[in-house]
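To convert, note that position 30 of the sequence shown is 30 in the UniProt record's numbering; the numbers rise steadily by one, no gaps.
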Amino acid sequence: MEMVYDCLSDKRSAFGSNAVKIVDKHFKLTKFKNNPAAVRAYVHWALNKHGPAFWGTPIPQKEEDRVGKVPKGLFESSFIIETAAPLLKFTANAAGAYGEPVGALALVAAAVERAFKMYLSGTKVVNFQDVFSEEKIGSFVLDHLKDARKISANAWPRIKAACGQVKGSNDRKQPPAPILVSLEQDRGNRFIASSPPPGAID
């Protein structure tokens, strides 16, 4: 396991940069051009604990459309998959008998979260002191790790398969609406009552 951890540590900055590139690409879509309000609204939705930064099928962006809707596919968003693809390929042989790459997935989730936070104001703001280091994002990784450990045996094959067939970024059609970010309190506790119980997030 130490070998896998060392490999991830060595590659950490590359994964952080890759997540930023993927989020940058998303915000180059026409609907976000010269529209910081739309960017800001998408970021707030994306970073919702059930938003599209992390879920393959997130809750709707508009609050009035959320009644009866539950997210599906934690850590199966296109942002996670595109960032994770080279990482999971890199760790596949190293992980071996150590089980599923929960640590790798938690690192990817932290990278995606950090990339979206650069756009919280509606325009990209880069803090050059905000490096993707263990000191800066270690607590994020540990929180995401709690959720990664709850992923069910049924979900892992989907995640791995998706990493081998990466598609484009999520381009949801819902109009932007301001939504408060709830991730700070709920990172690590994203399963909901109608979802599988802890230890089995599908």
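Glycine residues also receive a C-beta, built at the ideal position from the N, C-alpha and C atoms. If you're wondering where the values come from, they're calculated on a predicted model, not measured in any experiment.
Do you know offhand how far residue i's Cα is from residue j's?
i, j, result
"residue 25", "residue 43", "14 Å"
"residue 21", "residue 75", "18 Å"
"residue 60", "residue 66", "6 Å"
"residue 163", "residue 107", "15 Å"
"residue 103", "residue 58", "23 Å"
"residue 144", "residue 87", "16 Å"
"residue 155", "residue 99", "14 Å"
"residue 83", "residue 127", "21 Å"
"residue 34", "residue 109", "28 Å"
"residue 124", "residue 62", "24 Å"
"residue 202", "residue 32", "31 Å"
"residue 13", "residue 150", "26 Å"
"residue 27", "residue 15", "19 Å"
"residue 64", "residue 78", "25 Å"
"residue 68", "residue 137", "34 Å"
"residue 70", "residue 51", "10 Å"
So, with DSSP's three-state summary, where would you put residue i?
i, result
"residue 73", "strand"
"residue 57", "strand"
"residue 118", "coil"
Judging by CA-CA distance, which residue of the options is the nearest neighbour of residue i?
i, options, result
"residue 89", "29, 17, 58 and 160", "160"
"residue 49", "100, 147, 138 and 101", "147"
"residue 139", "114, 121 and 39", "114"
"residue 80", "125, 23 and 149", "23"
"residue 158", "85, 137, 33 and 124", "85"
"residue 101", "13, 153, 16 and 34", "153"
"residue 17", "142, 149, 202 and 118", "118"
"residue 142", "51, 14, 31 and 105", "105"
"residue 39", "120, 77 and 78", "120"
Could you give the C-beta distance for residue i and residue j, rounded to a whole number, given that I count them as a contact under 8 Å?
i, j, result
"residue 111", "residue 41", "With a Cβ gap of about 22 Å, residue 111 and residue 41 do not count as contacting."
"residue 72", "residue 45", "Wrong, their Cβ atoms sit about 16 Å apart, outside the cutoff."
"residue 122", "residue 37", "6 Å"
"residue 29", "residue 116", "Rounded, the Cβ-Cβ distance is 15 Å, inconsistent with contact."
Less than 6 Å between the CB of residue i and some heavy atom of the ligand PLP, yes or no?
i, result
"residue 118", "The ligand PLP is not part of this structure, which contains no ligands at all."
Mind checking if residue i is an interface residue toward chain B, Cβ cutoff 7 Å exclusive?
i, result
"residue 26", "No chain B is part of this structure, which consists of one protein chain only."
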